[in-house]
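These protein sequence lines map, in sequence, to chains A and B.
Following the numbering used here, the numbering of the first sequence begins with 18 at its first residue and continues without gaps.
Following the numbering used here, the numbering of the second sequence begins with 32 at its first residue and continues without gaps.
The beta carbon of each residue, even a glycine, is placed where N, CA and C say it ideally should be.
Working notes, structure below.
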Amino acid sequence: GAGVSQSPRYKVAKRGQDVALRCDPISGHVSLFWYQQALGQGPEFLTYFQNEAQLDKSGLPSDRFFAERPEGSVSTLKIQRTQQEDSAVYLCASSLALASGGNYNEQFFGPGTRLTVL
Amino acid sequence: AQSVTQLGSHVSVSEGALVLLRCNYSSSVPPYLFWYVQYPNQGLQLLLKYTSAATLVKGINGFEAEFKKSETSFHLTKPSAHMSDAAEYFCAVTEGSGTYKYIFGTGTRLKVLA
């Protein structure tokens, strides 16, 4: 079946522009995650959704970052007034659910959106 | 707080040689541990995971890892490197059942020499 897809794959923005990054999770997956991967670094957690509820947004670096998942499926990460430090790969991941019955449900990652802010 | 340390940002091995990528973790509770591989311009692919069952975990593509609580380590090994193993490898930890945040290491880029 289809995996996690993200669009666009590449985005170039001028400093100060707003951007929207889309994530299509695997059908039926309850949990959705956003990570930010700076050049030469490992991914860092941004935010987590369970269905349409945003249960954790502790990793969002500033109030310019906003994520939503209104119908519990597709998610959008929006960055307002982009800055050069926002340049990174933004990864989306989904999983069937959280751990249950001792079984951990792995996160499946999309290919990412590479954002470059000039 | 949880953390992951991957020693060696770049590792080079000859084709056919042993691959050893190191990962040490810090966690105040029993952890779940993962190794992911990332090929250029692709997402992360799970190689293997430790979720408190067997301490020696076998994954895809001939990789395996051993959870050693006394050493707080989860090193990744493969007996014989293939050219196709060249990629970036990430170790990650999470607190386990009921939690969800992955804490990733900074990654190790594996180069396989012909």
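Terminal residues of the beta strand (DSSP E) in which residue i lies
{"i": "C122(B)", "result": "A118 to T125"}
{"i": "C109(A)", "result": "A105 to S112"}
{"i": "T36(B)", "result": "S34 to T36"}
{"i": "K95(A)", "result": "S92 to I96"}
{"i": "F94(B)", "result": "Careful: F94(B) lies outside any beta strand (DSSP E) and carries neither H nor E."}
{"i": "Y65(A)", "result": "E61 to Q67"}
{"i": "T133(A)", "result": "T130 to V134"}
{"i": "Y131(B)", "result": "Per DSSP, Y131(B) belongs to no beta strand (DSSP E) and is neither H nor E."}
{"i": "K89(B)", "result": "L87 to K89"}
{"i": "Q10(A)", "result": "Outside the modelled stretch of chain A, which goes from 18 to 135, sits residue 10(A), for which no answer is possible."}
{"i": "V29(A)", "result": "Y27 to A30"}
{"i": "V50(B)", "result": "V50 to L52"}
{"i": "V42(B)", "result": "H41 to S45"}
{"i": "K142(B)", "result": "T139 to L144"}
Closest Cα partner of residue i within the set the options
{"i": "Q34(A)", "options": "R98(A), Q67(A) and S22(A)", "result": "R98(A)"}
{"i": "Y120(B)", "options": "N68(A), P60(A), Q101(A) and T133(A)", "result": "P60(A)"}
{"i": "Y56(B)", "options": "G93(B), A84(B), Q37(B) and I91(B)", "result": "Q37(B)"}
{"i": "S59(B)", "options": "S34(B), A48(B) and H41(B)", "result": "S34(B)"}
{"i": "S75(A)", "options": "F82(A), F83(A), K95(A) and T64(A)", "result": "T64(A)"}
{"i": "A110(A)", "options": "P25(A), Q53(A) and D80(A)", "result": "Q53(A)"}
{"i": "R86(A)", "options": "F126(A), S48(A) and A114(A)", "result": "S48(A)"}
{"i": "K28(A)", "options": "A70(A), A105(A) and L113(A)", "result": "A105(A)"}
{"i": "S83(B)", "options": "N72(B), N92(B) and K100(B)", "result": "K100(B)"}
{"i": "S79(A)", "options": "A70(A), E69(A) and Q100(A)", "result": "Q100(A)"}
Cβ-heavy atom distance, residue i to the ligand MG, below 7 Å
{"i": "Y81(B)", "result": "Judged by which ligands are present, the structure shown has none, so any question about the ligand MG falls away."}
Rounded distance between the beta-carbons of residue j and residue i, thought under 8 Å
{"i": "K80(B)", "j": "V88(B)", "result": "7 Å"}
{"i": "A123(B)", "j": "Y133(B)", "result": "4 Å"}
{"i": "S40(B)", "j": "L144(B)", "result": "Not confirmed; about 17 Å, so no contact."}
{"i": "G127(A)", "j": "V21(A)", "result": "4 Å"}
{"i": "A84(A)", "j": "L94(A)", "result": "5 Å"}
{"i": "C54(B)", "j": "L141(B)", "result": "Going by Cβ atoms, the distance from C54(B) to L141(B) rounds to 13 Å, so no, they are not a contact pair."}
{"i": "L64(B)", "j": "F98(B)", "result": "6 Å"}
{"i": "G129(A)", "j": "G74(B)", "result": "6 Å"}
{"i": "N122(A)", "j": "L135(A)", "result": "Between L135(A) and N122(A) the Cβ distance is about 39 Å, and since that is not below 8 Å, they are no contact."}
Residue i versus residue j - alpha carbon distance
{"i": "Q23(A)", "j": "Q58(A)", "result": "20 Å"}
{"i": "L108(A)", "j": "E102(B)", "result": "31 Å"}
{"i": "T133(A)", "j": "E102(A)", "result": "9 Å"}
{"i": "Q67(A)", "j": "P62(B)", "result": "22 Å"}
{"i": "L24(B)", "j": "R32(A)", "result": "For residue 24(B) there is no data in the structure shown, the boundaries of chain B being 32 and 145."}
{"i": "R131(A)", "j": "R39(A)", "result": "12 Å"}
{"i": "A85(B)", "j": "V91(A)", "result": "36 Å"}
{"i": "F50(A)", "j": "I96(A)", "result": "16 Å"}
{"i": "R81(A)", "j": "S104(B)", "result": "38 Å"}
{"i": "W66(B)", "j": "G136(B)", "result": "10 Å"}
{"i": "T139(B)", "j": "Y70(B)", "result": "12 Å"}
{"i": "M114(B)", "j": "G47(B)", "result": "9 Å"}
{"i": "N72(B)", "j": "R26(A)", "result": "9 Å"}
{"i": "L78(B)", "j": "L77(A)", "result": "28 Å"}
Buried or exposed by the 16-neighbour rule on C-beta atoms within 10 Å, applied to residue i
{"i": "A19(A)", "result": "exposed"}
{"i": "K109(B)", "result": "buried"}
{"i": "Q124(A)", "result": "buried"}
{"i": "D116(B)", "result": "buried"}
{"i": "V45(A)", "result": "The question names Val, but residue 45(A) is Gly in the sequence shown. Classification for G45(A): exposed."}
{"i": "P42(A)", "result": "buried"}
{"i": "A112(B)", "result": "buried"}
{"i": "Y131(B)", "result": "buried"}
{"i": "A96(B)", "result": "buried"}
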